[in-house]
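Just so you know, the sequences run in chain order S and W. Heads up: the first sequence begins at 7 in the working numbering, then just goes up one per residue. Heads up: the second sequence begins at 4 in the working numbering, then just goes up one per residue. Yeah, the Cβ is synthetic: ideal placement off N, Cα and C, and Gly gets one too. Here is the structure we will look at.
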Amino acid sequence: MHENIILQHEIEQWLYKESELLDQLNFDGWYELLSEEISYTMPLRINQMEKSKPDYSEATLLFDDDSTTLKLRIDRMKTDMAWAELPPSRTRRNVSNVKIKEVSENEVAVHSNLLLYRSRSTDTTADLISGERKDVLRKENGDWKLVSRWFLADQTSLGTRNLAIFV
Amino acid sequence: MTTTSTKQVPRLDEMTRSELIQYLKDTVKPEEGLIPSYIFSHPKVYELEMEKIFLKDWLFVAHKSEIPNIGDFVTREMGGQSVIVTHGADGEIHVLLNVCTHRGMKLCRMDNGNQKNFTCPYHGFNFKNTGDLIGIPFQKVVYGETMDKSKMGLKEIRHDVYADLIFATLNSEAVSLEDFLGDIKWYLDLAFNRAEMEVVGLPQKWNVDGTWKLGSDNTISDSYHTLVSHGSIAKLGLVPTGDYSKYGYQIYTGNGHGLNLGMPNPDGFAFPESLIDEYKERLNEDQYDILKQMKNMIVCVSPNIMILISSMDLKGQKISHTSLRIWKPTGPDSMEISSWMLVEKNATEEWKRLSEQAFTLTFGASGIFEQDDTENFTDITQNSKSPYHLQENIVFNYTMGMHQKPVEDFVGPGIVYKDKFNEANSRAFFRNWLDQITAE
């Protein structure tokens with residue numbers, strides 16, 4: 007029990023740290039939290055009637071990234087022409103309902119909710135991206151690294167002008 | 004003391020319909036390259052667009068590969084109206100108004116699926132996937148012999164198919180799809196008839212506070228913005244630096260349709276080599292010759308379709324991807340983008356996978372090309388809402404390339420300009436738009 011509480015705390019703190027780095031636009035710092043083997047995907051939410059079928063499609067991915075393409079995205083932000091985030095949006099990633107699903111020798115599967123608030127430019131209405139994360143973290147050289155992120159948004163038609171931000 | 008001014012803000016909302024049409028004719032001057040700001044967000048202009056363009060034109064609703072089997076369906080929106088596109092029990096494609104003929108409830112509220120029948124959630128009227136009404140709960144009790152079910156089928160929307168693209172129109176008097184598309188078909192062949200194509204998954208959708216017109220305007224003529232709007236991509240080395248986006252042709256084929264064709268391709272053939280026989284079989288010699296040299300192609304089918312073939316270097320491999328999107332108006336100053344990714348059905352799994360990844364990385368909702376465009380669309384639309392723009396009749400400059408003459412030696416149809424840095428296609432697009440919304 008004691009070990010579980012410590013692990014829960016460690017993973018929660020890792021997720022909060024990750025949110026802080028992204029909210030503070032420290033993308034290089036964020037990249038250091040990722041395993042070289044990372045799979046970073048976002049399937050498409052769909053309207054589906056039959057409860058037996060998943061209400062998302064993995065044939066269509068809104069993010070379909072690995073460490074190479076994530077690096078490209080980050081390097082792009084550093085150019086002075088990445089207009090979608092120039093000036094940057096203000097974002098708050100609220101991570102909650104952190105549930106550790108599986109623990110193996112050096113990996114944990116963790117599910118959580120993400121409520122991402124995005125304020126862009128002078129807009130008085132903010133964008134909200136709400137959804138579910140399924141992550142796998144792995145201990146690499148003593149540090150937890152993100153091996154897999156799967157994010158499913160709750161909207162079928164996203165209420166934000168683009169996904170120039172990480173989820 | 005108060006500040007006075009004799010300047011009046013034209014009150015478009017107080018004008019009669021014919022005064023408004025006259026005002027548009029007086030202020031929108033496509034041939035002079037003068038496009039007034041107010042058209043990008045004024046509610047009265049939007050009303051005209053909905054009525055005279057989106058209720059009149061042929062609109063894209065689905066690709067045939069989305070409904071390959073009997074019973075397959077997708078729900079789509081056209082002209083502000085939900086429709087169900089079905090592969091009916093009779094083997095035919097049907098485009099059905101998603102409105103129960105009894106009391107108007109939306110019949111189907113799923114994005115896609117496979118069903119024989121659609122049952123209304125309100126009172127249980129039951130329709131076949133061909134639109135026929137086949138069941139009414141307690142029919143004998145509630146209607147006696149007075150209900151003729153054969154007259155109560157779902158309203159069938161006129162539709163037709165070209166290059167596996169299913170188009171529909173809410174206008175029973177529209178010209179044929181063939182005539183509406185005209186010579187743009189030659190280029191649609193390059194995108195969708197070069198090989199058997201299939202849609203990957205379902206369309207991605209996202210929402211932008213910008214007018215749909217800016218999407219079409221950007222699509223039909225604007226390779227010039229690539230230098231700056233997409234400058235970050237060249238800085239990353241994903242595309243060549245400098246004026247690479249200039250090379251090729253700008254082509255207008257009429258009815259508001261046109262394209263920018265980027266060629267030659269310095270990286271060589273952008274499509275799977277394994278499909279060369281299929282390409283040669285399906286395209287004519289001239290078309291295949293263009294395909295061989297293509298770097299990219301961006302086509303606008305009016306009013307609001309964008310078709311894109313784009314090639315790039317990803318992970319040391321050259322790869323191309325093909326997509327279709329609609330700029331769906333959701334208000335005078337807003338739109339929803341729906342974007343379909345397509346791939347050659349007979350390509351290798353490895354090629355398909357990389358093509359999908361290239362598309363998502365560059366032109367999906369998170370695309371690193373895509374995302375910078377939405378800034379332009381949003382901020383131009385928001386700027387245009389100020390009454391000051393009406394008061395001063397602020398106009399934007401679309402005069403680029405007016406000194407250029409079309410070339411005669413290109414193999415494809417249309418009015419063709421060498422090099423893509425030109426606003427000729429936007430001038431033609433807005434002429435077509437103006438003629439449509441001011442038609443009596």
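Range of the contiguous beta strand (DSSP E) that encloses residue i
i	result
Asp316 of chain W	Ile308 to Leu317
Ala368 of chain W	Element bounds for Ala368 of chain W: n/a, residue is neither H nor E.
Ala177 of chain W	Ala177 of chain W -> no beta strand (DSSP E), and no H or E assigned at all.
Pro49 of chain S	Leu40 to Arg51
Ile187 of chain W	Premise fails: Ile187 of chain W lies in the alpha helix (DSSP H), Ile187 to Leu191, not in any beta strand (DSSP E).
Reduced DSSP category for residue i - H, G, I as helix; E, B as strand; rest coil
i	result
Tyr252 of chain W	strand
Lys47 of chain W	helix
Asn117 of chain W	strand
Asp376 of chain W	helix
Pro33 of chain W	helix
Lys105 of chain S	strand
Gln25 of chain W	helix
Ile322 of chain W	strand
Ala431 of chain W	helix
Leu241 of chain W	coil
Val231 of chain W	helix
Asn258 of chain W	coil
Asn32 of chain S	coil
Thr78 of chain W	strand
Ala65 of chain W	strand
Asp70 of chain S	strand
His97 of chain W	strand
Lys57 of chain S	coil
Phe413 of chain W	coil
Closer than 7 angstroms to chain S by CB, residue i
i	result
Val102 of chain W	no
Asn129 of chain W	no
Met108 of chain W	no
Leu239 of chain W	yes
Met113 of chain W	yes
Ala368 of chain W	yes
Ser153 of chain W	no
Leu264 of chain W	no
Ile254 of chain W	no
Thr363 of chain W	yes
Glu353 of chain W	no
Gln360 of chain W	yes
Gly245 of chain W	no
Ser219 of chain W	no
Ile310 of chain W	no
7 angstroms Cβ cutoff, residue i in contact with chain W
i	result
Leu169 of chain S	yes
Asp81 of chain S	yes
Asp133 of chain S	no
Asp70 of chain S	yes
Gly148 of chain S	no
Thr85 of chain S	yes
Ser45 of chain S	no
Ala65 of chain S	yes
Met7 of chain S	no
Ala90 of chain S	yes
Beta-carbon contacts of residue i that lie in its chain and below 8 angstroms, excluding the five residues immediately before and after
i	result
Glu91 of chain S	Met83, Ala170 and Ile171
Leu67 of chain S	Thr47, Met48, Pro49 and Leu50
Asp220 of chain W	Ser429, Phe432 and Phe433
Asn72 of chain W	His90 and Asn117
Thr333 of chain W	Asn210 and Glu339
Ala92 of chain W	Ile73, Gly74, Lys119, Lys131, Asn132 and Thr133
Gln394 of chain W	Lys10, Gln11, Val12 and Pro13
6 angstroms CB neighbourhood of residue i in its chain, flanking five on each side removed
i	result
Ala115 of chain S	Lys107, Glu108 and Val142
Lys158 of chain W	Leu100
Ile418 of chain W	Tyr255 and Pro409
Asn307 of chain W	Trp215, Ser219, Ile329 and Trp330
For residue i, the first and last residue of its enclosing alpha helix (DSSP H)
i	result
Leu28 of chain S	His8 to Asp29
Leu217 of chain W	Trp215 to Ser224
Leu92 of chain S	No alpha helix (DSSP H) holds Leu92 of chain S; DSSP gives it neither H nor E.
Pro390 of chain W	Pro390 to Gln394
Cutoff 7 angstroms; reference residue i; Cβ partners in own chain excluding five residues on either side
i	result
Ser326 of chain W	Leu311, Ser342, Trp343, Met344, Leu345, Phe362 and Phe366
Asp160 of chain S	Arg51, Ser136 and Gly137
Asp70 of chain S	Thr47
Thr381 of chain W	Val211, Asp212 and Gly213
Contiguous beta strand (DSSP E) assignments of at least 3 residues, all confined to the region 123-165 of chain W: 129-131, 136-138 and 161-165
Complete runs of the beta strand (DSSP E) confined to the region 95-149 of chain S [at least 3 residues]: 96-109, 113-125 and 133-146
Every unbroken beta strand (DSSP E) within the region 266-311 of chain W, with a cutoff of 3 residues, ordered by chain: 299-304
Members of the region 179-211 of chain W that neighbour chain B once the beta carbon cut-off is set at 8 angstroms: Judged by its chain identifiers, the structure shown contains no chain B, and its protein chains are S and W.
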